[in-house]
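Student: Residues in the sequence shown are numbered consecutively from 1006, following this note's numbering.
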Amino acid sequence: MGFSIHPRDLWRMFLERWWLGAAVAVPAVIIFILVQPPPEIVYRTEASLLFETRQNKVLPVQAVVDTTVTRDVELNVHLEQIRSQTFREALLASFNPEEVEKIQRPYRDSSRPSNPPPSLSSLVGAYVEAKRNTTIMRIVVTHRDPEAAQLIANRYARKYIDFNIDLAMTGTNSAIVFLRNQAEETRKEVEEAERSLQQYRAKYNMAALGENQNVVLKKVASLGETLVAAQLNLVNLQAQLDKVETHLREGRDLKEISFVNSFGSISSTRTEVDQLLAARRLLEERYLDQHPRMKDNALALENARRRLAADLDLAIADLRSRATFAAEYVAKLKSELTAAESDARALDQISVDYKFLEQAARTKQDTYRAIMNRLNDANISAQMENTNIKIFDRAYFPSTPINNSRSQIAAKASALGLLLLLGLPLGFGLLDTRIKSAHDIEEKLGSHLIAGVRLFKNIPPHQHATIFRDAVDDSLTEVYRGLYSEIELRSDIPLPKVLLISSSIPSEGKSVTSSNLAAVFAAHGRRTLLVDCDFRRPSLHRLFGLPNDRGILRWAQTHTLPDLVAAEEEDLGIRLLSPNLHLLTAGGAVKKPTEIIERLASSPLFDRLSRAFDIVILDTPPASIFPDALLLARHAAEVIYVTKFRTVRRQIVKRTIAKFEATGTRVLGVVLNQLPRSRVLSYDYEGYGSYDKEYYKAYGEDDAKPAA
């Protein structure tokens, strides 16, 4: 949870301890006034300087050392310069002996005239600042002598102008020497660049370079086009050759390839073969194989086929020869194109190198001209006043002192008193993390304030446990009724159930709260049992004036579990206090109760009590000191946490509540106990019983009056 302070919290902190701040502030203010030294009469005056953003020049000459102010950064540089030790030494040296005497005279010790006066350096000073959103600098001087104050302020202004003029002149003369040296070096560089350019132009015949580049570029373009055509032809021939190879490999007839049929006399020879085959089929119908005409036909067919095969071989050889030639032609074209491109690149590189040399020579020429122009400007500027600083206002003669001693002391004393009056209560309040308001519980702890119980004023201690039962105080009675209502509204566990009540440390009022809350449940017709589970230091028997000779401890030490099942309520030590209200005392005290609690955990005691009563209220030891309450929380359905006003730190309560929630038991809320009567409403608690008891008494009396 982040750290946050509400203005209302600060107001409460002040109300709680305002008396502490007042008790310290009053004597502190008195002591402060008494120890103040005698007042010193001081006069104040000021001069101002204007830093123009542009100089008024007779000639359009740019100063070599620029003192113009164009940005706030440059004005800040002037501020640091006027505060520098270098300027201060020049300022002190500007005062003559008469002016030094005038400045030191008011500070001489009249009681010891022989003592030397304070040094001039300790007396001459000024507060310097820039006016916002302007280029005006204020020089404020205070002094015991009004005439000396005026003198110092005006001297500051005039001397700073002279100081800047001296700086500008010194810088201009240095710049002239530097520019002359640079001009001579640059002139030599220009001459060397011109010579290199001429030599390069003659070496590579730059006059014909453009024509040569055009010729080479045309050659590259022509070779490129020829190469593309040759590559297309090669691709076509290679495709035809691949087709022929495929037909030969697969044993297919080459006549299916059109470009083979068109080669030489293949087409006519194929026609001749077809005709001879047709004639043979006709002869076979009339003659036998040995017939002369059949033999002539067979001989002619064989010759035709031989010629056809030879022509096909010749066609294939021709195709391969053309493909080889085409590949060699493509390679030759590529070689020639590469050579042409190399020539073109060489010519381009010569052209680029020439342009670089030409650009370098031009740059050096421009640099030389710029340096010469600046040198001329510097020579002219050296003859002119080079500053843009003007006196905007001269220091006036202060006729009245600035210090009203009484009003200043009163203002300082008031500020001191206010600081102590507010600071001490708020400081102690911020350091105080104890719980003291509903805001602390609900915002800082993240829990709920379910009741705020004020101090039991004028009520004897023996009646604290019976405030509700005996109606001792009407407003407190309403507080416990309100607590009962909050439990009923917030609880989602029906009766019967076990309710545990605990606190952080002893004496926070948890036993009194348990007793009165039990009486409220009994008054509402609930069969209620109040159990004293504080086995270390039991107290419920004392609150009700009963002996502690019977109870849980005595039974656990002298009986066994079967005895518990058969025992009567009176045998267990349960006493009837009033209708529906019963008390089970501790029955003694032990130093190590955790062993007893563990034995009770394994026994059916709490189950039996839950069945016998509508609600069982367990009064337990402080949970942040002893583990007893956390062990007993395993048998309870809900927890009510009691904390005393301004007693326990928030972190302790928060950590303890977290431990209860870790056991699986729900913490219904926090009861803020023993609230001062004057703080009930001022601490954001406006619950039942927060008003004075006269309100409740008057309301009851009015309600009891018979109707007219």
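Quick reminder that beta carbons are idealized off the backbone N, C-alpha and C, glycines included.
Quick check on Ala1375: does DSSP put it in helix, strand or coil?
Tutor: helix
Student: Measuring only the C-alpha atoms, how far is Arg1532 from Val1503?
Tutor: In a straight line, the C-alpha of Arg1532 is about 12 Å away from that of Val1503.
Student: Exposed or buried, which one is Val1458 when buried takes at least 16 other CB atoms within 10 Å?
Tutor: buried
Student: Less than 7 Å between the beta carbons of Gly1514 and Leu1558, yes or no?
Tutor: The answer is no: Cβ separation not under 7 Å.
Student: Thinking C-alpha only, which one of Tyr1048, Leu1454, Phe1461, Arg1350 is nearest Asn1219?
Tutor: Of the candidates Tyr1048, Leu1454, Phe1461, Arg1350, the one whose C-alpha sits nearest the C-alpha of Asn1219 is Arg1350.
Student: Please state the DSSP three-state secondary structure of Gln1041.
Tutor: coil
Student: Going along the chain, which residues of its own chain have a beta-carbon closer than 8 Å to the beta-carbon of Asp1619, five neighbours each way excluded?
Tutor: Leu1500, Pro1501, Phe1526, Arg1531, Arg1532, Thr1533
Student: Could you give the residue range of the beta strand (DSSP E) that holds Asp1398?
Tutor: From DSSP, the beta strand (DSSP E) with Asp1398 extends over 1394-1398.
Student: Go to Tyr1485, then tell me how far its beta strand (DSSP E) extends in each direction, as first and last residue.
Tutor: No beta strand (DSSP E) contains Tyr1485, which is instead part of the alpha helix (DSSP H) from 1479-1495.
Student: Is it true that the CB of His1640 sits closer than 7 Å to the CB of Phe1665?
Tutor: no
Student: On the CB-based measure, 16 or more other CB atoms within 10 Å of its CB, does Thr1368 come out buried or exposed?
Tutor: exposed
Student: With 16 as the cutoff for other CB atoms within 10 Å, does Val1484 come out buried or exposed?
Tutor: buried
Student: Tell me which same chain residues have a C-beta within less than 7 Å of the C-beta of Thr1590, skipping the five on either side of it?
Tutor: Asp1537, Pro1543, Leu1545, His1546, Leu1551, Asn1553, Arg1555, Gly1556, Gly1578
Student: Rank Arg1399, Val1195, Ala1303 by C-alpha distance to the C-alpha of Ala1365 and give the top, closest one.
Tutor: The residue among Arg1399, Val1195, Ala1303 with its C-alpha nearest the C-alpha of Ala1365 is Val1195.
Student: Taking the alpha-carbon positions, what's the Arg1374 to Tyr1205 distance?
Tutor: 25 Å
Student: In the DSSP assignment, the beta strand (DSSP E) including Val1675 goes from what residue to what residue?
Tutor: 1671-1680
Student: Out of Val1477, Arg1486, Thr1471, point me to the one whose CA is closest to Leu1535's CA.
Tutor: Thr1471
Student: Between Ile1440, Ile1355, Asn1393, which has its C-alpha nearest Asn1217's C-alpha?
Tutor: Ile1355
Student: Can you have a look at Pro1711 and say buried or exposed, based on whether 16 or more other CB atoms are within 10 angstroms of its CB?
Tutor: Because Pro1711 carries a pLDDT of 46, less than 50, the predicted location of this residue cannot be relied on, and the following value inherits that uncertainty. Its Cβ having fewer than 16 others within 10 Å, Pro1711 is exposed.
Student: Using 8 Å as the Cβ pair cut-off and three pairs as the minimum, do the region 1418-1436 and the region 1648-1657 touch?
Tutor: Pairwise C-beta distances place the region 1418-1436 out of contact with the region 1648-1657, as fewer than three of them are shorter than 8 Å.
Student: Might you give, ordered along the chain, the residues of its own chain that have their beta carbon closer than 6 Å to the beta carbon of Asp1323, omitting 5 neighbours on each side?
Tutor: Hits under 6 Å: none found.
Student: In chain order, what residues of the same chain lie with their CB nearer than 7 Å to the CB of Leu1202, ignoring the 5 residues before and after it?
Tutor: Leu1362, Glu1363, Ala1366
Student: Identify whether Ile1620 lies in helix, strand or coil by the three-state DSSP scheme.
Tutor: strand
Student: Under the assumption that Leu1505 contacts Thr1625 (Cβ atoms under 8 Å), give the Cβ distance between them as a whole number of angstroms.
Tutor: 6 Å between Cβ atoms; contact.
Student: Which residue's Cα is closest to the Cα of Asp1398: His1148, Tyr1161, Trp1016?
Tutor: Tyr1161
Student: In its own chain, which residues sit with a C-beta less than 7 Å from the C-beta of Ala967, not counting the 5 before and 5 after it?
Tutor: Since the displayed the chain opens at 1006 and closes at 1713, residue 967 lies outside it and no answer follows.
Student: Which stretch, first to last residue, makes up the alpha helix (DSSP H) that contains Ser1127?
Tutor: Counting along the chain, the alpha helix (DSSP H) containing Ser1127 begins and ends at 1125-1128.
Student: Rounded to the nearest angstrom, how far is the Cβ of Ser1509 from that of Thr1648, given a contact under 8 Å?
Tutor: 6 Å
Student: Using the Cα positions of Ile1645 and Gly1487, report the straight-line distance between them to the nearest angstrom.
Tutor: Approximately 14 Å between the Cα atoms of the pair.
Student: Between the Cα of Leu1232 and the Cα atoms of Ser1272, Leu1156, Thr1343, His1467, which residue gives the shortest distance?
Tutor: Thr1343
Student: Apart from the five residues just before and just after Lys1164, which ones in its own chain have a Cβ nearer than 6 Å to its Cβ?
Tutor: The residues are Leu1096, Ser1099.
Student: Shortest alpha-carbon distance to Ile1376 belongs to which of Leu1426, Thr1191, Arg1411?
Tutor: If we check each option's Cα against that of Ile1376, Thr1191 comes out closest.
Student: For Leu1581, which option in Phe1631, Pro1627, Thr1599, Ala1524 has the closest C-alpha, if you only look at C-alpha atoms?
Tutor: Ala1524
Student: Using alpha carbons as the reference points, say which of Glu1277, His1296, Leu1304, Ile1271 lies closest to Asp1318.
Tutor: Ile1271
Student: Mapping the DSSP letters down to three states, classify His1148 as helix, strand or coil.
Tutor: Reduced to three states, the DSSP call for His1148 is strand.
Student: Per the contact definition of three or more C-beta pairs closer than 8 Å, is the region 1425-1442 in contact with the region 1628-1640?
Tutor: no
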